[in-house]
Amino acid sequence: MSDEQARSLPGTEDRMPDQWGHWRALHEAAVRQFELYGYGELQTPIIEETRLFVKGTGESTEIVEKQMYCLDTGEGQSIALRPEGTPPAVRAYLERNLHKQHPFQKFWYAGPMFRRERPQKGRLRQFHQIGVEAIGSVSPLLDAETLLLATDIYREAGLKQWRVCLNSIGCERCRPGYREELRRRLSTRREELCEDCRRRLKRNVLRVLDCKMEDCRAVVAELPEVSDYLCNECREHHGAVKRVLTEHDVQYEEDSRLVRGLDYYTRTVYEIKHPALGARDTICGGGRYDGLVEELGGPPTPCVGFAMGVEASLLAMEADLGPATDSGGPPAVFIVSFEEAARERCFDLLEALRAAGVPADMDFEGRSAKAQMRLANRVGSAYCFLIGERELSAGQVLIRQMAGGEQWTVPWQEAPREAARLLRGDP
RNA sequence: GUGACCAUAGCUCAACUGGUCAGAGCACCAGACUGUGGCUCUGGGGGUUGCGGGUUCGACUCCCGCUGGUCACCCCA
7 MSDEQARSLP GTEDRMPDQW GHWRALHEAA VRQFELYGYG ELQTPIIEET RLFVKGTGES
67 TEIVEKQMYC LDTGEGQSIA LRPEGTPPAV RAYLERNLHK QHPFQKFWYA GPMFRRERPQ
127 KGRLRQFHQI GVEAIGSVSP LLDAETLLLA TDIYREAGLK QWRVCLNSIG CERCRPGYRE
187 ELRRRLSTRR EELCEDCRRR LKRNVLRVLD CKMEDCRAVV AELPEVSDYL CNECREHHGA
247 VKRVLTEHDV QYEEDSRLVR GLDYYTRTVY EIKHPALGAR DTICGGGRYD GLVEELGGPP
307 TPCVGFAMGV EASLLAMEAD LGPATDSGGP PAVFIVSFEE AARERCFDLL EALRAAGVPA
367 DMDFEGRSAK AQMRLANRVG SAYCFLIGER ELSAGQVLIR QMAGGEQWTV PWQEAPREAA
427 RLLRGDP
């Protein structure tokens with residue numbers, strides 16, 4: 007590739023026509039389940055005020071600290087490419103005063119997100135999420151519903167294996183106590199922790215639980231579990247979520263070390279992981295965020311939701327279902343002209359076929375009849391409609407069935423209807 | 001932000017330890033009864049071996065720099 011040619015940016019990718027198979031399957035499964043579950047589509051802009059994420063996602067999160075694409079509008083305003091979908095959804099909710107009219111809302115969204123990270127397998131700078139937000143209810147039934155919804159989507163999309171990890175990280179009432187306890191226990195063993203964890207000790211102790219370093223894990227193993235510190239309400243809530251999940255046959259693993267990277271999570275947190283993905287195996291993450299709406303200037307409003315990583319989910323689908331495929335089918339009919347002079351008449355017929363609802367195509371490169379046939383064969387068309395001087399003067403179309411090689415003629419005017427009939431499989 | 005590995009035709013790769021190779025398969029194009037695909041056969045186009053230096057009589061092969069890519073850590077979907 008020459009140097010002056012423009013290239014795609016690192017961490018961004020093109021999705022070519024033959025790579026849409028799994029994507030479409032996932033998206034269609036999701037849309038169908040969203041309808042079944044009563045979630046309405048919400049589309050928000052890709053750009054937002056930077057402060058929405060600073061307040062919403064959390065000032066001290068990695069995402070906001072160093073991964074956001076921010077730009078100055080030149081009018082003294084800082085805007086950001088959205089790094090995630092939840093704060094914009096809540097912003098839209100508040101901006102329309104839905105909390106006053108119809109406080110309970112269920113939204114779904116799908117679209118690109120942006121984070122300035124080092125790209126690697128399953129992680130891009132422009133990536134895509136499909137997610138839901140159920141805003142305005144504290145019911146544990148909804149925690150379960152979002153998880154059931156996510157697994158139903160994966161099931162319908164054809165995914166075969168996954169596991170659900172579940173935890174409760176408490177609320178703003180009980181978490182401080184746990185956090186305090188962690189800080190106290192950890193500071194006595196500060197020397198054994200990695201550099202990052204020493205930093206986390208001050209900034210965000212909970213993340214120490216998630217550290218992958220061997221030495222840290224050893225220390226973490228001896229720490230009390232968050233479940234011992236939950237307040238009665240949180241304990242009850244968590245119990246209800248688990249009861250409903252069990253009732254509805256969701257296999258889950260309790261993982262007392264599961265914490266999430268975003269500040270706004272409370273109580274229920276969960277991840278769906280796929281075994282074929284290695285270290286970075288989360289394909290969907292979610293949970294409850296009862297404090298976010300208030301943080302963004304609204305009234306206290308409990309919420310729960312999830313975000314699926316589309317690219318990660320696609321990798322999981324490839325592992326379970328094989329490589330990505332073409333999304334659409336081939337043109338059912340391929341028109342072949344024997345002479346260059348017949349080409350425009352071929353195009354007339356082509357348009358007539360399409361008008362009759364028959365997927366059809368022809369050659370536009372002036373190839374020989376033989377090459378046109380080869381092309382028809384390669385793209386997998388079921389029939390060729392062959393046209394030359396003889397057919398034109400007789401007012402006929404020569405039809406060839408590619409599979410068997412049988413040929414017959416039909417009157418020109420009948421051709422579109424004949425094609426439609428052949429595709430339906432009528433005798 | 002840290003680290004490792006990689007870079008030859010459109011794709012996947014080969015070229016003994018630097019010494020007639022710049023090659024193979026697939027793909028593509030064209031022929032094999034000048035109105036017809038698949039299979040087979042034949043032929044063809046296509047690479048200044050990522051870029052720039054250096055060592056050497058000689059570099060795809062060794063050294064340095066740059067660029068690009070991949071993967072892992074970090075973090076997260």
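Quick note: the first sequence uses this note's numbering, first residue 7, plus one each step.
Backbone N, C-alpha and C fix where the C-beta goes; we use that ideal spot for every residue, glycine too.
All of these numbers come straight from a predicted model, not from anything done at the bench.
Alpha helix (DSSP H) segment containing Glu260, residue limits: Run containing Glu260: none in the alpha helix (DSSP H); it sits in the beta strand (DSSP E), Tyr258 to Glu260.
Bounding residues of the alpha helix (DSSP H) (the contiguous stretch that carries Arg241): Asn238 to Glu253
Nearest-angstrom Cα separation, counted from Leu192 out to Gly117: 40 Å
Residue span of the beta strand (DSSP E) that contains Tyr276, given as start and end: Thr272 to Lys279
Candidates Asp202, Tyr270 and Glu178: closest to Tyr235 by CA position: Glu178
Short Cβ contact (7 Å threshold) for Thr56 with Asp269: no
Secondary structure, beta strand (DSSP E): runs of 3+ residues fully inside the stretch 33-105: 53-55, 76-78 and 84-87
Which of helix, strand or coil DSSP assigns to Lys376: helix
Integer-rounded CB distance, given that Ile289 should sit under 8 Å from Ala322: 5 Å
Burial state of Gly82 (16 or more Cβ within 10 Å): exposed
Any alpha helix (DSSP H) of 4 or more consecutive residues that is wholly inside the stretch 115-190: 146-163
C-beta atoms of Tyr115 and Ile141 nearer than 7 Å: no
Cβ separation of Ala425 and Val316, assumed to be a contact under 8 Å, to the nearest whole Å: Actually they do not touch by this definition, with Cβ atoms about 37 Å apart.
Among Gly335, Val70 and Val225, nearest to Glu203 - alpha-carbon criterion: Per the sequence shown, the amino acid found at residue 203 is Cys instead of Glu. Minimum Cα distance to Cys203 is reached at Val225.
For Lys112, the residue or residues it bridges with in DSSP: Ala140
Option nearest Trp418 by Cα separation, candidates Val403, Arg102 and Trp29: Val403
Reduced DSSP category for Asp287 - H, G, I as helix; E, B as strand; rest coil: coil
DSSP beta-bridge partners of Phe391: Ile341 and Ile405
Beta-carbon proximity check, Leu130 vs Gly17, cutoff 7 Å: yes
Proximity of Ala377 and Met408 at Cβ, strictly below 7 Å: no
Alpha-carbon to alpha-carbon, Cys222 and Val265: 15 Å
Top-ranked residue by Cα proximity to Asp24, from Leu172, Ile341, Ala330 and Met368: Ala330
Bridge partners - Lys294, DSSP secondary structure assignment: A small correction: the amino acid at residue 294 is Arg; Lys does not occupy that position in the sequence shown. Partner(s): Thr272 and Val310.
Local conformation of Ala362 per DSSP, three classes: coil
Which listed residue (Pro182, Phe113 and Arg273) has its alpha carbon closest to that of Pro146: Arg273
7 Å Cβ cutoff met for Met119 and Pro89: yes
For Val457, three-class secondary structure by DSSP: Because the chain spans 7 through 433 in this model, residue 457 falls outside it and cannot be assessed.
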